[in-house]
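Quick note: the sequence shown uses this note's numbering, first residue 472, plus one each step.
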Amino acid sequence: EDRRARAVTMRRVLPDSVLSEVGMLDAAAINEVVEQSWPDIRTADELHDTLLSVIVMPESLNLPKSWYEFLEELLLQGRAGIASIDGIKMWFAAERLSIMNGAYHGAEILRNPAAVEQSQISEEDACWTIVRGWMPYTGPISVPNLSARLKLPADKIEAALLRLESSGAILRGKFTSPNANPIEWCD
């Protein structure tokens, strides 16, 4: 109760300019943390581990040249595949094909991975798994931006984010600007 009373008192004392910045994160700090969290891939095995985590890796992200070499190695080994989703090439681990297919019904498989036994997954769970895999690497991100990156419908992204929020895995707020619209989500 004391904490709530103090918060109410502080709202009356602090100017609006200060209150609007509460919870704001420094842009340089955000960029540094996002850069540090991004995988430092030095081998094909590390790329495979990353693909297992993020489920899909859009080529549109201007990936390092070395990653393409590692991907080619994984493709030759049957450990990865490539799909085209809305004209964007997406890389995926062989073990995540069922998740990729569950989320992207219209995906065209350009390079098939080796067959790996997998259980079927619902579209909702597939989208949630992809969003969950990406959140540690995005920094504060809005639904439209994440939807554009992952080529998933905004309503599926939002449902996955709400599910992650309800489990305590992520937060929503205005992290980069007091005028951030739409709301941002952060790991």
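All C-beta atoms in this analysis are idealised placements derived from N, C-alpha and C, irrespective of residue type, glycine included.
Nothing here was measured: the structure is a model prediction, and the numbers come from that model.
Assign E655 to one of three DSSP states: helix, strand, or coil.
Strand.
Pairwise C-alpha distance: T600 and W538
Separation of W538 and T600 (C-alpha to C-alpha, rounded to the nearest whole angstrom) is 23 Å.
When you compare only the Cα positions, how much space is there between A625 and P615?
Near 6 Å, if we compare the C-alpha coordinates of P615 and A625.
Quick check: what's the CA-CA separation for N650 versus P607?
Distance between the alpha carbons of N650 and P607 is about 24 Å.
Inter-stretch contact at 8 Å, needing at least 3 Cβ pairs: the region 589 to 598 / the region 542 to 560
No, because fewer than three Cβ pairs between the region 589 to 598 and the region 542 to 560 fall closer than 8 Å, the two stretches do not touch.
When the Cα of K622 is compared with those of L642, C598, L635, which residue comes out closest?
By alpha-carbon distance to K622, the top candidate from L642, C598, L635 is C598.
In chain order, what residues of the same chain have a beta carbon less than 7 Å from the beta carbon of I556, not counting five sequence neighbours either side?
Counting only Cβ-Cβ distances below 7 Å, and skipping sequence neighbours, we find Y575, A578, K622.
Less than 8 Å between the beta carbons of G446 and E655, yes or no?
The first residue shown for the chain is 472 and the last is 658, placing residue 446 beyond what the model contains.
By the 10 Å Cβ neighbour count, where 16 or more other Cβ atoms means buried, how is R567 classified, buried or exposed?
It counts as buried.
Limits of the beta strand (DSSP E) - the one that F646 falls within
For F646, there is no enclosing beta strand (DSSP E), as DSSP marks it with neither H nor E.
Proximity below 8 Å, CB of F541 to CB of A565
Taking 8 Å as the Cβ cut-off, F541 and A565 do not qualify as a contacting pair.
Confirm, please, whether the CB-CB distance from R620 to P529 is below 8 Å.
Inclusion of P529 and R620 in the CB contact set at 8 Å is warranted, their separation being smaller than that value.
Could you check whether K560 and L532 sit closer than 8 Å to each other, using their CB atoms as the reference points?
No. Outside cutoff.
Considering only C-alpha positions, which residue in the set S524, I526, F563 is nearest to E543?
Ranking S524, I526, F563 by Cα distance to E543 puts F563 first.
Segments assigned beta strand (DSSP E), at least 3 residues, entirely inside the region 542 to 611:
Fully contained in the region 542 to 611 are the following beta strand (DSSP E) runs of length 3 or more, in chain order: 551 to 556, 559 to 564, 579 to 582.
Could you tell me which of R603, I570, S613 sits nearest to V587, measuring between CA atoms?
Residue I570 is the option with its Cα nearest to V587.
Using CA atoms only, rank isn't needed, just tell me which of C657, E517, A630, I512 is closest to W605.
The shortest C-alpha separation from W605 is found at C657.
Less than 6 Å between C-beta atoms, sequence neighbours within five positions excluded: which residues of the same chain meet that for L617?
Cβ-Cβ distances below 6 Å link L617 to I628 in the same chain, with the five nearest sequence neighbours on each side left out; the list follows chain order.
Can you look up S638 in the DSSP assignment and give me helix, strand or coil?
Looking at S638 - three-state DSSP - the assignment turns out to be coil, as it is neither helix nor strand.
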